[in-house]
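Taking it in order: structure first as structure tokens, then the write-up.
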Amino acid sequence: MKKISIFLITFILIFNTKLQAYSSDPKTFIEELVNEAILKLSDKNLNNEEKAEFIEKVALENVDIKALGLYTLGELRKSSEKSDLFKYQTTFQKYFLKSLTSRLTDYSTSKFEVVEADKKSSNYTIVKSKIIPTDGSPEIKIDWRIYTKNPEKPLIRDLIVEGLSLARTQKEEFASILSSNNNDINILIDKLEEFLKN
Amino acid sequence: MYSKKITSLLTSIAIFSLLMNSGIKAADECFEGLSRSIFKFNMAFDNAILEPIAKGYSKLPDPIKDGTSNFTSNIATLLSIPNSLLQGDISGVGNATGSFLINTSVGILGIFNPAEKMGLKPHKEDVGQTLGSYGIGPGCYLVIPVLGPSTARDAIGLIADSYIDPFAHITIREKELFGISGNDIDYYSVRGTTAVNFRSENITNFNSIEKNSIDLYSSFKSIYLQDRENKIRNSSDTQDDWGSLDN
């Protein structure tokens, strides 16, 4: 009986993990992840809270939020105190997740197609894709910057929508705040916290 | 009379050289305080006038919106012809000219876009892009009332556009071309409709940026500068500035 229970628990754990894990091939990884996201976000039986929960879970597992936070901080990441960096990273993660869920919960049905994968180096692959809205709007070209240093666990670092990098936009937005506030990382953290309160 | 013209020309060249100084990066501001004030004015203008019109426009039936978008886009193609020529892009000249002629004739004054179905999809080119293709940097960043984000190079290009754009030539310059002429109202109606069409296609995007930005001015600045870089390169491929950021 005990053996059966252990077997069942192990089976459930393995099965569950398999359901959530995506392929390690960057192209298939994006294909699987986005198609699952489209299914969930267009599911009328899920409310916004459930959708937000799903987005957060997927983002935490598959987006390199830590690296994104450091990238958006620019050169300041090299000179900041460890404690400030830690505080910034924690706040940035919350900011990123809130901003992401706000963008995606109102998602309207679209078709998604991965076009090709372009391996730039051993660390990066750009997966090119397009979204074809079903309401007849023009298709949207989206490139995914995938960090592949660990080939078993690809991570998304940036989304480039029609040539516009979301990470770069964020970085330049933060740079402007920092440059007008004597490069004080705490002012940036305050601004992010203010955003989280609203 | 002539000395006044020469003085204005020399002043323009001096300002142009100052703003285009190679030491200035696009991220640098010409006059940030003023640009931020103009940006606030533009946002108020957008909220009060442009966005409501764009929302109304977006409710029109699709064939009307498509026809309007095709019509304004076809007229905009005219500016790409001299600019492609100035960039030495002969296939671009052919594409833009072919597209304009086919859409104006078979596509009934540009309301339909048969050229695209025939594989003719010209890049939109302007003088700012042409100067960029010559290696001239963007100069500093500024915001123009109503028109929005720009750079020193693109602002100069905008003025030059009105001199080499055949459509501007026959409307605001009131000249005749192949027996066709128009007036100021034609020019500003087309430009206004282009703006409304663009705004209506981007209602969700604008709302999302407004909602998620902690410094909206800088977000628009970044988006504008990235877009211009892509247009000059005629490519939307991303450039790698992640360096050796490893976890």
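Protein chains in written order, with my numbering: chain A, 198 to 395; chain B, -5 to 241. For glycine and all other residues, C-beta sits at the position ideal for the given N, C-alpha and C.
Pair within 9 Å by beta-carbon distance, residue i and residue j
{"i": "SER224 of chain A", "j": "VAL358 of chain A", "result": "Residue 224 of chain A is actually Lys in this sequence, not Ser. No, the Cβ-Cβ distance between LYS224 of chain A and VAL358 of chain A is not below 9 Å."}
{"i": "GLN81 of chain B", "j": "SER29 of chain B", "result": "no"}
{"i": "GLN123 of chain B", "j": "LYS225 of chain B", "result": "yes"}
{"i": "LEU389 of chain A", "j": "TYR292 of chain A", "result": "yes"}
{"i": "ALA149 of chain B", "j": "ILE138 of chain B", "result": "yes"}
{"i": "CYS134 of chain B", "j": "ASP22 of chain B", "result": "yes"}
{"i": "ILE227 of chain A", "j": "ILE353 of chain A", "result": "yes"}
{"i": "LEU363 of chain A", "j": "THR288 of chain A", "result": "no"}
{"i": "GLU119 of chain B", "j": "LEU171 of chain B", "result": "no"}
{"i": "LEU361 of chain A", "j": "LEU301 of chain A", "result": "no"}
Listed by chain order, chain A residues near residue i by CB distance under 7 Å
{"i": "ILE217 of chain B", "result": "LEU361, THR366"}
{"i": "ASP148 of chain B", "result": "The contacting residues do not exist; ASP148 of chain B stays about 17 Å from chain A at best."}
Local conformation of residue i per DSSP, three classes
{"i": "LYS325 of chain A", "result": "strand"}
{"i": "ILE386 of chain A", "result": "helix"}
{"i": "LEU239 of chain B", "result": "coil"}
{"i": "ALA234 of chain A", "result": "helix"}
{"i": "PRO348 of chain A", "result": "coil"}
{"i": "TYR219 of chain A", "result": "coil"}
{"i": "ASP56 of chain B", "result": "helix"}
{"i": "ASP340 of chain A", "result": "strand"}
{"i": "GLY186 of chain B", "result": "helix"}
{"i": "PHE283 of chain A", "result": "helix"}
{"i": "TYR157 of chain B", "result": "helix"}
{"i": "LYS115 of chain B", "result": "coil"}
{"i": "ASP120 of chain B", "result": "coil"}
{"i": "ILE217 of chain B", "result": "helix"}
{"i": "GLU170 of chain B", "result": "coil"}
{"i": "GLU250 of chain A", "result": "helix"}
{"i": "THR145 of chain B", "result": "strand"}
{"i": "SER307 of chain A", "result": "strand"}
{"i": "VAL312 of chain A", "result": "strand"}
Any non-hydrogen atom of the ligand SAH within 8 Å of residue i CB
{"i": "ASP56 of chain B", "result": "Looking at this structure, you won't find the ligand SAH or any other ligand, since it has none at all."}
Straight-line Cα distance separating residue j from residue i
{"i": "ARG365 of chain A", "j": "TYR182 of chain B", "result": "35 Å"}
{"i": "THR98 of chain B", "j": "GLY92 of chain B", "result": "10 Å"}
{"i": "GLY101 of chain B", "j": "HIS163 of chain B", "result": "23 Å"}
{"i": "ILE235 of chain A", "j": "LYS248 of chain A", "result": "11 Å"}
{"i": "SER377 of chain A", "j": "THR71 of chain B", "result": "40 Å"}
{"i": "ALA42 of chain B", "j": "GLY176 of chain B", "result": "30 Å"}
{"i": "LEU356 of chain A", "j": "ASP340 of chain A", "result": "6 Å"}
{"i": "LYS169 of chain B", "j": "ALA90 of chain B", "result": "22 Å"}
{"i": "LEU243 of chain A", "j": "VAL255 of chain A", "result": "16 Å"}
{"i": "THR232 of chain B", "j": "LYS316 of chain A", "result": "13 Å"}
{"i": "GLU223 of chain B", "j": "SER319 of chain A", "result": "27 Å"}
{"i": "LYS350 of chain A", "j": "SER221 of chain A", "result": "6 Å"}
{"i": "THR62 of chain B", "j": "ALA38 of chain B", "result": "26 Å"}
{"i": "LYS205 of chain B", "j": "LYS49 of chain B", "result": "18 Å"}
{"i": "GLU369 of chain A", "j": "LEU273 of chain A", "result": "13 Å"}
{"i": "SER277 of chain A", "j": "ARG147 of chain B", "result": "36 Å"}
{"i": "LEU297 of chain A", "j": "SER52 of chain B", "result": "26 Å"}
{"i": "PRO132 of chain B", "j": "THR145 of chain B", "result": "6 Å"}
Contacts of residue i in chain A (Cβ-Cβ under 8 Å)
{"i": "LEU239 of chain B", "result": "ALA264, LEU267, TYR268"}
{"i": "GLN81 of chain B", "result": "None at all; the shortest Cβ gap to chain A is about 19 Å."}
{"i": "THR232 of chain B", "result": "ILE323, ASP340, ARG342, ASP355, ILE357, GLY360, SER362"}
{"i": "ILE249 of chain B", "result": "Because chain B is modelled from -5 through 241, residue 249 of chain B falls outside the range shown and cannot be assessed."}
Contact set for residue i: own chain, Cβ-Cβ below 8 Å, skip 5 residues either direction
{"i": "ILE203 of chain B", "result": "LEU210, SER213, PHE214, ILE217"}
{"i": "ILE374 of chain A", "result": "ILE384, LEU385, LYS388"}
Contacting residues, own chain, Cβ-Cβ under 6 Å from residue i (five flanking each side not counted)
{"i": "LYS338 of chain A", "result": "LYS327, GLU359"}
{"i": "GLN286 of chain A", "result": "GLY266"}
{"i": "GLU336 of chain A", "result": "LYS327, ILE329"}
Amino acids of chain B, ordered along the chain, whose beta-carbon sits closer than 7 Å to that of residue i
{"i": "GLY333 of chain A", "result": "ASP56"}
{"i": "PHE392 of chain A", "result": "ILE208"}
Beta-carbon proximity list for residue i, same chain, < 7 Å, skipping 5 on both sides
{"i": "ASN196 of chain B", "result": "none"}
{"i": "GLU313 of chain A", "result": "LYS325"}
{"i": "GLY142 of chain B", "result": "ASN36"}
Within chain B, the residues that residue i reaches when beta carbons sit closer than 9 Å
{"i": "ILE227 of chain A", "result": "None at all; the shortest Cβ gap to chain B is about 15 Å."}
{"i": "LYS317 of chain A", "result": "ASP234"}
Under 8 Å by beta carbon: chain B residues contacting residue i
{"i": "LEU389 of chain A", "result": "ILE208"}
Chain E contact for residue i (CB, 9 Å cutoff)
{"i": "ALA249 of chain A", "result": "Going by chain labels, chain E is absent from the structure shown, which instead holds the protein chains A and B."}
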